[in-house]
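Going by the numbering used here, the first residue of the sequence shown is number -12, and it counts up by one from there.
Here the structure is laid out as C-alpha cells; the discussion comes afterwards.
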Amino acid sequence: MKTIQKWFEQLAGISQDELDRLALAAEVFSEAPFDASDLQKPACWRRKSRHAKN
C-alpha cells in the first residue's frame, strides 16, 4: 500500500520528502560564500607572532 501511495505522489507532483530535502539544501547552501581574500597573502605573513612584544 505504501508503494502505491508513493507512486501516486510521484505522479501527482513533488512529495513531502522531496520538499524537505529541497528546504534543507536551501538552508545549507544559502550561507554567505567563503571569503578567500585573506588567503592571497603568504601563510607566514598571516600567522601571529609567537614572541611577546614588551
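No residue lacks a Cβ here, since even glycine has one placed at the ideal position from N, Cα and C.
Glu18 carries a coil assignment under DSSP once its states are collapsed to helix, strand and coil. The beta carbons of Arg33 and Asp25 sit closer together than 8 angstroms.
The beta carbon of Glu(-4) sits closer than 7 angstroms to those of Ser2, all from its chain and outside the five residues before and after it, given in chain order. Rounded to the nearest angstrom, the gap between the Cα atoms of Ser36 and Pro20 is 29 angstroms.
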